[in-house]
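Read through the structure below, which is laid out as structure tokens, and then see the notes.
The following block contains the structure:
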């Protein structure tokens with residue numbers, strides 16, 4: 001007999017940047033600054049990501065497009081993969097993602113693509129602790145999530161690959 005599976009996620013809606021903590025503000029501003037060096041000549045959609053690490057440092061990334069689709073890279077994965085190359089064992093406390101169209105500084109509501117959601121949850125699993133997430137909401141709102149898994153509740157994990165035993 002079929003049953004319904006209800007999945008709950010919690011998104012805290014902040015009215016503006018004024019409600020962010022100091023470390024969140026620093027990270028959020030770095031994500032916005034990272035849009036400056038995005039390479040998006042085809043979409044003109046500039047995305048910046050900033051990772052707040054456990055030691056207080058911030059590592060950034062931005063989207064990098066390529067005429068040979070899909071050879072480009074999203075901002076979130078650029079930041080995460082770069083961080084792993086230089087600080088593989090440093091835990092990530094927060095990821096902030098900001099997006100805007102070229103030639104404007106109006107930040108747009110948006111969320112990471114499916115591939116980035118999968119990668120972010122892998123990093124959360126690797127470090128064994130939640131990674132908070134900040135995203136631009138409507139208007140001046142900012143969305144705060146307590147875990148990146150809230151964006152991908154039915155995530156594909158290593159257990160899927162390693163053949164975890166099914167429940168009986």
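Numbering (full-length UniProt numbering), first residue to last: 1 to 168. Think of the CB as a built atom: it goes at the ideal place given N, C-alpha and C, for glycine as much as any other residue.
DSSP three-state assignment for residue i, whether helix, strand or coil
i	result
residue 40	coil
residue 13	strand
residue 4	coil
residue 161	helix
Cβ-Cβ separation, residue j to residue i (assumed contact under 8 Å), whole Å
i	j	result
residue 100	residue 108	6 Å
residue 79	residue 56	Contact flag wrong, Cβ pair sits at about 16 Å.
residue 7	residue 153	5 Å
residue 54	residue 90	6 Å
residue 44	residue 98	Actually they do not touch by this definition, with Cβ atoms about 15 Å apart.
Spatially closest choice to residue i from the options, by CA coordinates
i	options	result
residue 132	150, 110 and 14	150
residue 76	84, 88, 95 and 159	95
residue 66	90, 39 and 51	39
residue 92	8, 14 and 24	24
residue 64	34, 139, 89 and 125	34
residue 74	90, 119, 52 and 58	119
residue 68	130, 41 and 86	41
residue 84	9, 124, 106 and 115	124
residue 159	126, 138, 51 and 148	126
residue 30	110, 51, 12 and 130	51
residue 114	137, 130, 148 and 163	148
residue 81	140, 162 and 49	49
residue 10	145, 4, 163 and 156	145
residue 104	2, 36 and 22	36
Residue i classed as buried or exposed, judged by whether at least 16 other C-beta atoms fall within 10 angstroms
i	result
residue 18	exposed
residue 47	buried
residue 15	exposed
residue 142	buried
residue 27	buried
residue 58	buried
residue 137	buried
residue 106	exposed
residue 245	Only positions 1 to 168 of the chain appear in the structure, and residue 245 is not among them; the question remains open.
- Query: Can you list the alpha helix (DSSP H) stretches of 4 or more residues lying completely in the UniProt domain "CMP/dCMP-type deaminase" (22 to 159), in chain order?
  - Reply: The qualifying runs are 22 to 34, 75 to 86 and 114 to 127.
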